[in-house]
Structures are given as structure tokens and as C-alpha cells.
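Down below is the structure, laid out as C-alpha cells.
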Amino acid sequence: MVSRCTWDSRSLRERSDLLQEEVRDHFLSTVKVNEEGRFQVSLPWLDNHLPLKDNHDLAVKRLDSTVKRLKAEKLYDAYGEVFNEWKREGIIEVVPKSEIDLPCHYPPHRHVVKENSTTRIRPVFDA
Numbered sequence: 001m002v003s004r005c006t007w008d009s010r011s012l013r014e015r016s017d018l019l020q021e022e023v024r025d026h027f028l029s030t031v032k033v034n035e036e037g038r039f040q041v042s043l044p045w046l047d048n049h050l051p052l053k054d055n056h057d058l059a060v061k062r063l064d065s066t067v068k069r070l071k072a073e074k075l076y077d078a079y080g081e082v083f084n085e086w087k088r089e090g091i092i093e094v095v096p097k098s099e100i101d102l103p104c105h106y107p108p109h110r111h112v113v114k115e116n117s118t119t120r121i122r123p124v125f126d127a
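Under UniProt numbering, think of the first position of the sequence shown as 1, with each following residue one higher.
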């Protein structure tokens, strides 16, 4: 027996339109301009989502393996420069010592290399 699933294109379009409207409303209700004139928008968290667990140990292991790979491929300095540039641009910041031991979730990342790109190496976050 073969089972089929047919999608009503009108139903899919209505869902898509509803999602677009929700996204637009979220953007408009959370967008602001910070002191440097940069736009900031809150992430669209799901209602009643479970809090993210502290993943410090896992993140350190992932960072260690990423660093080993970067050094083996002689990309460590170039990868670090991307983060330095983000720091200069205010995209990321150093965590104050008073907040180091607070529970948090670290987004793991890895490097991607594109030879024919203006940005040859860049971090990709697993989120």
C-alpha cells in the first residue's frame, strides 16, 4: 500500500503569510538603534521554550579540536583575526570577569574556507 501526502498550496501559502507577518511584527517591536548607530533586533525565541543548558565543558572540547585543526591547516591566525575584527566592530565583546562563572550557553563554531570569496575563512555557528 502506498500512502500519499498532498499539500494544499493555498494552505501552505497561508501559513507562510502568517509566519511572514509574525516575523515582521517581531522585528518592528524589537528593533532599536544602539549608541553607535547600529541596529539591534532581539532573537525570536519560542514561547515556553526550555532554557538552554550550560555547555561549558562541551564547548571547551569543541574549541580545542577546532584550534588543533586550524593550526594544522595554518589558519589559526586568520580565524582569530575574524574574531578580532568582530570585537573592533562591536559585534562581540569580552565577558566581564564578574560574569564568567554565571550559567550560560556557548554556541559551538567551526571554520569554513572558501577560496574564491572576499572572506576566505569564516566561523559558522552550530545554532
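Glycine is no exception: its CB is placed at the ideal position from the N, C-alpha and C atoms.
Treat the numbers as computed from the prediction; the structure is a model and nothing was measured.
Give the range of the beta strand (DSSP E) segment to which His109 is assigned.
-> Indexing the sequence shown from 1 puts residue 109 at position 109. Element bounds for His109: His109 to Val113.
Helix, strand or coil at Val33 according to DSSP, with G and I counted as helix = Taking the first residue of the sequence shown as position 1, residue 33 is located at position 33. Val33 falls in the strand class under three-state DSSP.
Contact the segment 63-79 vs the segment 31-48: 3+ CB pairs below 8 angstroms | no
Looking at Pro108 and Arg69, is the spacing between their C-beta atoms short of 9 angstroms?
-> As a first step, residue 69 is located in the sequence shown; it is residue number 69 there, counting from the start. As a first step, residue 108 is located in the sequence shown; it is residue number 108 there, counting from the start. No.
Does DSSP put Val67 in a helix, a strand or coil?
-> Counting from one through the sequence shown, the residue named residue 67 turns up at place 67. Three-state DSSP puts Val67 in a helix.
Who are Arg122's beta bridge partners in DSSP?
-> The residue given as residue 122 occupies position 122 in the sequence shown. Partner(s): Val112.
Of the residues Thr66, Thr119, Glu22 and Tyr106, the one placed nearest Asp47, counting alpha carbons only = Counting from 1 along the sequence shown, the entry for residue 47 is found at position 47. Of the candidates Thr66, Thr119, Glu22 and Tyr106, the one whose C-alpha sits nearest the C-alpha of Asp47 is Glu22.
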